[in-house]
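Protein chains in written order, with full-length UniProt numbering: chain G, 1 to 287; chain E, 1 to 174. Note that the Cβ used here is the ideal one computed from N, Cα and C, for glycine as well. Structure first, then comments.
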Amino acid sequence: MNKFFSNRRLVIVIVCLIVSFGLMSVSVAIRNKRSTPPMIQQFGNDVVGIVNRVVAWPVNGLKGSVSGFSDLMNTYQENQRLKSQVQELAQTKVHDQAISQENKNLKKELKLAHSLTDYAPVNATVIARTPSAWQNQVIIDKGSAAGIKKNMPVLSGSGIVGRISEVNRTNSKVELLSNSSESANRFAVTITNKNGQNVHGIISGYDRDKNLIEMGNVTAKTKIEKGDKVSTSGLGGVMPAGLYVGTVATTGTDNYGLAAKISIKPATNLSELSVVTVAVRQAQTTN
Amino acid sequence: MLRVTKLRYGFPIGLFLFFYLDGILGATFPQQLFSVPYSMSSYLVVLWLVFTVFFEEQIQVPLTVWAAVAGGLFDVYYTGIWGIFVFVFPIAVALTKACYKAFPINFLSGLLVYFIDITVICSLSYFGNLVVHMTTASFADMMVDSLAPTLAYNLATYVILYFPVQWLFNRLRN
Chain G
1 MNKFFSNRRL VIVIVCLIVS FGLMSVSVAI RNKRSTPPMI QQFGNDVVGI
51 VNRVVAWPVN GLKGSVSGFS DLMNTYQENQ RLKSQVQELA QTKVHDQAIS
101 QENKNLKKEL KLAHSLTDYA PVNATVIART PSAWQNQVII DKGSAAGIKK
151 NMPVLSGSGI VGRISEVNRT NSKVELLSNS SESANRFAVT ITNKNGQNVH
201 GIISGYDRDK NLIEMGNVTA KTKIEKGDKV STSGLGGVMP AGLYVGTVAT
251 TGTDNYGLAA KISIKPATNL SELSVVTVAV RQAQTTN
Chain E
1 MLRVTKLRYG FPIGLFLFFY LDGILGATFP QQLFSVPYSM SSYLVVLWLV
51 FTVFFEEQIQ VPLTVWAAVA GGLFDVYYTG IWGIFVFVFP IAVALTKACY
101 KAFPINFLSG LLVYFIDITV ICSLSYFGNL VVHMTTASFA DMMVDSLAPT
151 LAYNLATYVI LYFPVQWLFN RLRN
């Protein structure tokens, strides 16, 4: 042991430790404060991202053919199930069309350009996933060139899955709702109950064992039941309103028995992502 | 320096291929690798570095430098946090070299060395993330949800790839 920690080695080890901690704290500070990473990091990420797409192409082709086969096996059952839903959907769609037309006319009447619910979708493909248990992150193939900015919400399937955490020129990183870091998933959401009453709140964490999103510090006395729909409220930041988050799974009180704690079942499977949509809010943002 | 063999081109190509596969496999098979609450982290790039220590024999690849480069890219491109893998990967390589000198490496003892490497990488990256508050998971959670599945996955890749990579290195050296 004495030999191992000779003077020179000891100095090298200590210098490495200091540099390591320094780099970590600087990068976390930059990540929290600035909207884009430093120029060198952006450039490096762009170059690495381009090659990533080339390597991913044959792997995705392989996966495509395998999943194509299994999809074929499921087709009949799925078709039966979907037929029953299509009828209902057509009606909802027509109704939606009429409502959005009416909404547009009313906005024009009020001279309102964009309200909180308006967003422009940017479609992107997932090209890689961070191989680490501590950052539930995916990398998508659209960046600031496509109009993506930090903190924008990312959707997949029917609901929200995460938000943009780092933007490069041609790719960006998406932090998923299941991320365990302390600042990852603070969305402003609203729960609408059966009587049409709203409860506002903020997502406060994620339960890894049960795969549920947690919403804490709810002090409103409005009655919330299992199955009530949760959507984004559009308050604060760059998030549009009305993006589907999930349904209420359980309600209870927090450890102190003062405020309500609500568990939300996510609308989409957070681990099965291949194509995502970034919602670019059109209303004026505050930051 | 590298002697003029095919390894001169083969080593970096393999390194980068495995580096990309780490991320791409996660994106292509998320259900299998990241089923909640377990998460298997793929460290194929480390596997390539470890195999190079085992199979390079007389040809001196500047492995620590390459490990730092791969670790740096891993930090910047995958995690977005500088300063964790850029030091962890060279540590794993140094550990493997020390073991290589201490006892003869064959398929089974190599498996053991790789087991130690992955454990060290997982633990160090966990502590790195813990100190910068990127995770709040407890040590016990980390052992069960992350370390155990990661070890299982990576040891399986070792078993599958040991003989093909050995054959490849024999081809590249000549």
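Rounded separation between residue i and residue j - CA only
i        : j        : result
E:Phe54  : E:Val61  : 12 Å
G:Ser6   : E:Phe89  : 23 Å
G:Thr170 : G:Ile140 : 9 Å
E:Val86  : E:Ala67  : 8 Å
G:Ile18  : G:Val11  : 11 Å
G:Val48  : G:Arg186 : 30 Å
E:Ile24  : G:Lys104 : 43 Å
E:Val76  : G:Ala145 : 20 Å
G:Val28  : G:Ser165 : 11 Å
E:Thr5   : E:Val45  : 21 Å
G:Lys107 : G:Val154 : 26 Å
E:Ala152 : E:Tyr158 : 10 Å
E:Val50  : G:Ser100 : 60 Å
E:Tyr9   : E:Leu172 : 9 Å
G:Asn52  : G:Asn198 : 44 Å
E:Ile91  : G:Thr75  : 50 Å
E:Val36  : E:Leu73  : 27 Å
G:Ser84  : E:Leu147 : 45 Å
G:Asp46  : G:Ile148 : 15 Å
G:Thr286 : G:Pro240 : Only weak support exists for where G:Thr286 lies, its pLDDT of 49 falling under 50; the value from the coordinates is given anyway. Approximately 12 Å between the Cα atoms of the pair.
G:Val280 : G:His114 : 12 Å
G:Ala124 : G:Asn32  : 24 Å
G:Asn168 : E:Tyr78  : 13 Å
E:Tyr100 : G:Pro266 : 48 Å
Environment of residue i [buried if 16+ CB atoms lie within 10 Å]
i                      : result
G:Met73                : exposed
G:Pro121               : exposed
G:Arg129               : buried
G:Leu88                : With the sequence shown as reference, residue 88 of chain G is identified as Glu, and Leu is not the correct amino acid for it. The residue in question, G:Glu88, is exposed, as its Cβ has fewer than 16 Cβ neighbours within 10 Å.
G:Asn255               : exposed
G:Trp134               : buried
G:Met39                : exposed
E:Ser39                : buried
G:Asp209               : exposed
G:Lys93                : exposed
G:Leu212               : buried
G:Lys173               : buried
G:Gln137               : buried
G:Pro58                : exposed
G:Ser178               : buried
E:Ala98                : exposed
residue 309 of chain G : The structure shown does not extend to residue 309 of chain G, since chain G is modelled only from 1 to 287, so the question has no answer here.
G:Glu175               : buried
G:Ala98                : exposed
G:Phe43                : exposed
Simplified DSSP assignment, three categories, for residue i
i        : result
G:Gln254 : The sequence given here places Asp at residue 254 of chain G; Gln does not occur at that position. G:Asp254 falls in the coil class under three-state DSSP.
G:Gly157 : coil
G:Glu175 : strand
G:Asn287 : The predicted position of G:Asn287 is uncertain, since its pLDDT is 46 and thus under 50; a value taken from the coordinates is nonetheless stated next. DSSP places G:Asn287 in coil when its eight states are reduced to three.
G:Asp207 : strand
G:Arg129 : strand
G:Ile14  : helix
G:Gln197 : coil
E:Met1   : Only weak support exists for where E:Met1 lies, its pLDDT of 48 falling under 50; the coordinates are left without a value.
G:Asn7   : helix
G:Arg281 : strand
G:Ala249 : strand
G:Gln101 : helix
G:Thr117 : coil
Proximity to residue i [Cα-Cα], best of the options
i        : options                                   : result
G:Met24  : E:Gly83, E:Ala94, E:Asp141 and E:Ser123   : E:Gly83
E:Thr64  : E:Trp48, E:Ala102 and E:Tyr78             : E:Trp48
G:Leu235 : G:Thr190, G:Asp71, G:Ser20 and G:Glu214   : G:Thr190
E:Gln166 : E:Leu130, E:Ala102, E:Thr52 and E:Cys99   : E:Thr52
E:Ala140 : E:Gly10, E:Arg171 and E:Tyr126            : E:Tyr126
G:Ser233 : G:Glu166, G:Thr192 and G:Asn151           : G:Thr192
E:Met163 : E:Asn106, E:Asp22, E:Met142 and E:Leu147  : Note on residue identity: the sequence assigns Phe, not Met, to residue 163 of chain E. Closest by alpha carbon: E:Asn106.
G:Tyr206 : G:Ala259, G:Thr247, G:Ile264 and G:Asn217 : G:Ile264
G:Asn195 : G:Lys223, G:Leu177 and G:Ala188           : G:Lys223
E:Leu124 : G:Lys142, G:Ser20 and G:Pro240            : G:Ser20
G:Val248 : G:Thr125, G:Ser84 and G:Lys261            : G:Lys261
G:Lys221 : G:Thr253, G:Asn45, G:Gly64 and G:Glu109   : G:Thr253
G:Val278 : G:Ser231, G:Ser156 and G:Tyr244           : G:Ser156
G:Leu273 : E:Leu7, E:Asp22, E:Phe34 and E:Ile13      : E:Phe34
G:Thr117 : G:His200, G:Tyr244 and G:Val15            : G:Tyr244
Cβ-Cβ separation, residue j to residue i (assumed contact under 8 Å), whole Å
i        : j        : result
G:Thr268 : G:Gly162 : Not confirmed; about 10 Å, so no contact.
E:Ser109 : E:Phe103 : 6 Å
G:Lys142 : G:Ser35  : So it is not a contact: roughly 16 Å between Cβ atoms.
*Name, going along the chain, the residues of the stretch 40-53 of chain G whose beta-carbon falls closer than 8 Å to a beta-carbon of chain A.*
The structure shown contains no chain A; the protein chains it does contain are G and E.
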